[in-house]
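Novice: Got a structure for you, questions after.
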Amino acid sequence: MISEDFKSMLNGKSVIRQLSEYATSRGAKIGYENVFDYSLGNPSVPTPKSFTDTMIKLLTKEDPMKLHGYSQSQGIPAVRAKHAEYLNKRFNMNYTGEHLFMTTGASGAIAHAVRAVTKPGDEVITIAPFFPEYVQYVNRTGAVLKPVSADTKTFQIDFDALKSAFNDKTAAVLINTPNNPSGAMYTAETLRTLSSLMYDMQKKFGHDIFLISDEPYREIVFDGQTAPYPAAYYDNTLTCYSYSKSLSIPGERIGYVAVNPRATDADIISVMCGQISRGIGHNCPPSIIQLAVSEVLGETADISVYETNMNILYDELTALGFEVVRPGGTFYIMPKALEADSVAFCNKAKEYDLILVPADSFGAPGFFRMAYCIDTEKVERSLIALRKFVSECYR
Numbered sequence: 104m105i106s107e108d109f110k111s112m113l114n115g116k117s118v119i120r121q122l123s124e125y126a127t128s129r130g131a132k133i134g135y136e137n138v139f140d141y142s143l144g145n146p147s148v149p150t151p152k153s154f155t156d157t158m159i160k161l162l163t164k165e166d167p168m169k170l171h172g173y174s175q176s177q178g179i180p181a182v183r184a185k186h187a188e189y190l191n192k193r194f195n196m197n198y199t200g201e202h203l204f205m206t207t208g209a210s211g212a213i214a215h216a217v218r219a220v221t222k223p224g225d226e227v228i229t230i231a232p233f234f235p236e237y238v239q240y241v242n243r244t245g246a247v248l249k250p251v252s253a254d255t256k257t258f259q260i261d262f263d264a265l266k267s268a269f270n271d272k273t274a275a276v277l278i279n280t281p282n283n284p285s286g287a288m289y290t291a292e293t294l295r296t297l298s299s300l301m302y303d304m305q306k307k308f309g310h311d312i313f314l315i316s317d318e319p320y321r322e323i324v325f326d327g328q329t330a331p332y333p334a335a336y337y338d339n340t341l342t343c344y345s346y347s348k349s350l351s352i353p354g355e356r357i358g359y360v361a362v363n364p365r366a367t368d369a370d371i372i373s374v375m376c377g378q379i380s381r382g383i384g385h386n387c388p389p390s391i392i393q394l395a396v397s398e399v400l401g402e403t404a405d406i407s408v409y410e411t412n413m414n415i416l417y418d419e420l421t422a423l424g425f426e427v428v429r430p431g432g433t434f435y436i437m438p439k440a441l442e443a444d445s446v447a448f449c450n451k452a453k454e455y456d457l458i459l460v461p462a463d464s465f466g467a468p469g470f471f472r473m474a475y476c477i478d479t480e481k482v483e484r485s486l487i488a489l490r491k492f493v494s495e496c497y498r
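So this is what it looks like as structure tokens:
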């Protein structure tokens, strides 16, 4: 007998994926260049040449067994050591290789991090809007995801709401900065306040409360800013990272968990993650990709196009009367819909071949998300459709 649990999930497919599939089918009819598909957050800039060159070098010069054999459960020791050295230099931390655990992207990192610090029945607080898959990442461990709405005027944390969400079952807080879907980047002030609150809550409830920091968009920040590093503010932090966005290699599925050396049991959490892998099948990300990323630490694809696209869309959306928080990073923007029902709003937009994602599943009803990781030329052409849509449906 098949699993009724997973069978039931077929009726709750990702809205993002459904819209992406619609855009593809619509493109087959009218030409995909005529579909303004803002659905899927798939990086649109080429992988940097340095990464490609590194892959070629490894394939032509390294021992095939080193490249294609299993790594240790925690990842290749030399790779983990390089990551520790890089993070220490960049963020003034004190990692060793033993604090790193290599994963299949940020999703694999979160899957391990949640299991490492929770037990069934625990609660994991997250800040809405949030990536919808957090529900699956957390709830399928036996813990429960508990969303708390952000301040929708800034998409920074609403600390009164957050404080009231803590209780004796709270095991962790899961944040995403810069944020998918809002594009908001938590400021240093926000992180200091969050840290102070979490220290207070640990003391109040008499047990560790971990911060799980999901940071795949760390490098994509705007206006010459640098994303503050949450682990620098709070000891019990597990940092979850992916190279999918910074290097434009989402299909390679590579990332890591970095355990703050000051965290409780910091010296064994990475080892624990190796044991967690035995139960969830995330064992040993590809050795060749581990080796390749370790040789290009600190490098990125040419991600400047995302800021260009953001500025074009932000200026146009505000000119058309949308309420929208200007993103501090990522390749997402999340305006307020022009009617209360964001699903209806996005369905109307489809008639203009504008593929927009209602933010209800992100925990932000009344808003919609645009993933502007598309060619700038297409962004500019989409403005004609956007103006027509707004004019004909809302003016």
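The working numbering applies: residue 104 is where the sequence shown begins, and numbers increase by one.
The beta-carbon is built from N, C-alpha and C at its ideal position, and this holds for glycine as well.
(1) In the DSSP assignment, the beta strand (DSSP E) including K249 goes from what residue to what residue?
(2) For the beta strand (DSSP E) that F471 lies in, which residues bound it at each end?
(3) P149: which of I406, D463, S464, F492 sits nearest, CA to CA?
(4) Is the stretch 259-279 close to the stretch 300-308, with three or more CB pairs under 8 Å?
(5) Go through its chain and collect everything with a Cβ distance to V182's Cβ below 7 Å, but skip five positions before and after it.
(6) Could you give the residue range of the alpha helix (DSSP H) that holds Y344?
(7) Exposed or buried, K152, counting other C-beta atoms within 10 Å across all chains shown (16 or more means buried)?
(8) With which residues is Q259 paired in a DSSP beta bridge?
(9) How is N114 classed by DSSP in three states: helix, strand or coil?
(10) Could you name the residues of the same chain whose beta carbon sits closer than 8 Å to that of T479, not counting the 5 residues immediately before and after it, in chain order?
(11) Is it buried or exposed for Y497, if we count other Cβ within 10 angstroms and need 16 for buried?
(12) Is the beta carbon of F471 closer than 9 Å to that of S494?
(13) Anyone know if the C-beta pair for L277 and D326 falls short of 9 Å?
(14) I need the straight-line Cα distance from K348 to Y359, nearest angstrom please.
(15) Could you pull out every residue in the same chain whose Cβ sits closer than 8 Å to the Cβ of E236, ignoring the five residues on either side in sequence?
(16) Pull up the distance between the alpha-carbon of F194 and that of H186, whole angstroms please.
(17) Short of 6 Å in beta carbon distance, which residues of its chain neighbour V227, apart from the five on each side in sequence? Order them along the chain.
(18) Hey, would you say H385 sits closer than 9 Å to I391, going by beta carbons?
(19) If we ignore side chains and look at the alpha-carbon of each, how far apart do A212 and Y344 end up?
(20) Should V460 and Y135 be called a contact, given that it needs their Cβ atoms to be closer than 9 Å?
(21) Measure the C-alpha to C-alpha separation of S128 and N114 and round it to an integer number of angstroms.
(22) Could you check if F109 is buried or exposed, using at least 16 other CB atoms within 10 Å of its CB as the buried criterion?
(23) Just to confirm the assignment: which complete beta strand (DSSP E) runs, minimum length 3, are found wholly within the stretch 263-315?
(24) Identify whether A330 lies in helix, strand or coil by the three-state DSSP scheme.
(25) With A422 and M196 assumed to form a contact (beta carbons below 8 Å), what rounded beta-carbon distance in angstroms separates them?
(26) Around the Cβ of I458, are there at least 16 other Cβ atoms within 10 angstroms (buried) or fewer (exposed)?
(27) Short of 7 Å in beta carbon distance, which residues of its chain neighbour G431, apart from the five on each side in sequence? Order them along the chain.
(28) When the Cα of A488 is compared with those of E454, T367, R429, F258, which residue comes out closest?
(29) Do the CB positions of F233 and N191 come within less than 9 Å of each other?
(30) Please name the residue, chosen from T367, K451, S267, that lies closest to I312 on a Cα-to-Cα basis.
(31) With distances taken from CA atoms, which of T290, E355, A264 is nearest E145?
(32) Give the straight-line distance between the Cα atoms of S106 and T244, rounded to the nearest whole angstrom.
(33) Hey, V220 and L341: beta-carbon distance below 9 Å or not?
(34) Report the rounded CA-to-CA distance for N450 versus Q121, giving the unit in angstroms.
(35) Assuming E226 is part of the alpha helix (DSSP H), what are its boundary residues?
(36) Kindly list the residues whose CB is nearer than 7 Å to the CB of S351, restricted to its own chain and excluding five residues on each side of it in sequence; keep chain order.
Specialist: Result, derived from the coordinates:
(1) For the purposes of this step, residue 249 is taken as residue 146 along the sequence shown, with counting starting at 1. First-last of the beta strand (DSSP E) with K249: 247-252.
(2) Counting from one through the sequence shown, the residue named residue 471 turns up at place 368. Counting along the chain, the beta strand (DSSP E) containing F471 begins and ends at 471-474.
(3) Locating residue 149 in the sequence shown gives position 46, where the first residue counts as 1. Nearest of I406, D463, S464, F492 to P149, Cα basis: I406.
(4) yes
(5) By 1-based counting over the sequence shown, the position of residue 182 is 79. Taken in chain order, the residues that qualify are M205, Q393, L394, S397.
(6) Position 241 of the sequence shown holds residue 344. From DSSP, Y344 is part of no alpha helix (DSSP H) but of the beta strand (DSSP E) over 340-345.
(7) By 1-based counting over the sequence shown, the position of residue 152 is 49. Classification of K152: exposed, given that the 10 Å Cβ count is below 16.
(8) Start at 1 with the first residue of the sequence shown, and residue 259 comes out as number 156. Residue pairing by DSSP puts Q259 in a beta bridge opposite D254.
(9) Start at 1 with the first residue of the sequence shown, and residue 114 comes out as number 11. The DSSP-derived three-state label of N114 is helix.
(10) Here residue 479 is taken as the residue at index 376 of the sequence shown, counted from 1. The answer, listed in chain order, is V408, T411, N412, I415.
(11) Within the sequence shown, numbered from 1, the residue matching residue 497 stands at position 394. Exposed, by the Cβ-count rule.
(12) Translated into positions along the sequence shown, residue 494 becomes position 391. Translated into positions along the sequence shown, residue 471 becomes position 368. In this structure, S494 lies away from F471, with their beta-carbon atoms at least 9 Å apart.
(13) If you number the sequence shown from 1, residue 277 lands on position 174. If you number the sequence shown from 1, residue 326 lands on position 223. No, the pair does not count as a contact, with Cβ atoms beyond the cut-off.
(14) On the sequence shown, residue 348 is found 245 positions in, with the first residue counted as 1. On the sequence shown, residue 359 is found 256 positions in, with the first residue counted as 1. Taking the straight line joining both Cα atoms gives about 14 Å.
(15) For this step, residue 236 is matched to residue 133 along the sequence shown. Correct list, in chain order: S117, S210.
(16) What you label residue 194 is simply residue 91 of the sequence shown in a count that begins at 1. What you label residue 186 is simply residue 83 of the sequence shown in a count that begins at 1. Those two C-alpha atoms are separated by around 12 Å.
(17) As a first step, residue 227 must be located in the sequence shown, where it is residue number 124. Cβ within range, chain order: V241, A246, L248, A275, L277.
(18) As a working mapping, residue 385 is identified with position 282 in the sequence shown. As a working mapping, residue 391 is identified with position 288 in the sequence shown. No, these two residues do not count as a Cβ contact at 9 Å.
(19) Taking the first residue of the sequence shown as 1, we reach residue 212 at position 109. Taking the first residue of the sequence shown as 1, we reach residue 344 at position 241. In a straight line, the C-alpha of A212 is about 7 Å away from that of Y344.
(20) Start at 1 with the first residue of the sequence shown, and residue 460 comes out as number 357. Start at 1 with the first residue of the sequence shown, and residue 135 comes out as number 32. No, these two residues do not count as a Cβ contact at 9 Å.
(21) Locating residue 128 in the sequence shown gives position 25, counting from the first residue. Locating residue 114 in the sequence shown gives position 11, counting from the first residue. C-alpha separation (whole angstroms): 20 Å.
(22) As a first step, residue 109 is located in the sequence shown; it is residue number 6 there, counting from the start. It is exposed - the Cβ of F109 has fewer than 16 other Cβ atoms within 10 Å.
(23) 273-279
(24) Here residue 330 refers to the residue found at position 227 of the sequence shown. It is coil, neither helix nor strand.
(25) Taking the first residue of the sequence shown as 1, we reach residue 422 at position 319. Taking the first residue of the sequence shown as 1, we reach residue 196 at position 93. Wrong, their Cβ atoms sit about 43 Å apart, outside the cutoff.
(26) By 1-based counting over the sequence shown, the position of residue 458 is 355. Burial call: buried.
(27) Here residue 431 refers to the residue found at position 328 when the sequence shown is read from its first residue. When the five nearest sequence neighbours on each side are left out, the beta carbons in the same chain lying within less than 7 Å of the beta carbon of G431 are those of P281, G286, A287, M288, V324, F325, Q328, in order along the chain.
(28) Counted from its first residue, the sequence shown places residue 488 at position 385. Distance from the Cα of A488 is smallest, within the candidate group E454, T367, R429, F258, for E454.
(29) Numbered from 1 along the sequence shown, position 130 holds the residue referred to as residue 233. Numbered from 1 along the sequence shown, position 88 holds the residue referred to as residue 191. Taking C-beta atoms as the reference points, F233 and N191 fail to come closer than 9 Å.
(30) Working through the sequence shown from its first residue, we reach residue 312 at position 209. Checked all of T367, K451, S267; the closest Cα to I312 is T367.
(31) Residue mapping note: residue 145 aligns to position 42 of the sequence shown, counting from 1. The sequence as given places Asn at residue 145; Glu does not occur at that position. Ranking the options by Cα distance to N145, first place goes to E355.
(32) The count along the sequence shown starts at 1 and reaches residue 106 at position 3. The count along the sequence shown starts at 1 and reaches residue 244 at position 141. Distance between the alpha carbons of S106 and T244: 17 Å.
(33) As a working mapping, residue 220 is identified with position 117 in the sequence shown. As a working mapping, residue 341 is identified with position 238 in the sequence shown. Cβ atoms of V220 and L341: closer than 9 Å.
(34) Position 347 of the sequence shown, counted from the start, is the residue given in the question as residue 450. Position 18 of the sequence shown, counted from the start, is the residue given in the question as residue 121. Each residue's Cα considered, the two are about 12 Å apart.
(35) One-based indexing of the sequence shown puts residue 226 at position 123. Premise fails: E226 lies in the beta strand (DSSP E), 226-231, not in any alpha helix (DSSP H).
(36) In the sequence shown, counting from the first residue as 1, residue 351 sits at position 248. Counting only Cβ-Cβ distances below 7 Å, and skipping sequence neighbours, we find P146, V148, P149, T150, A404.
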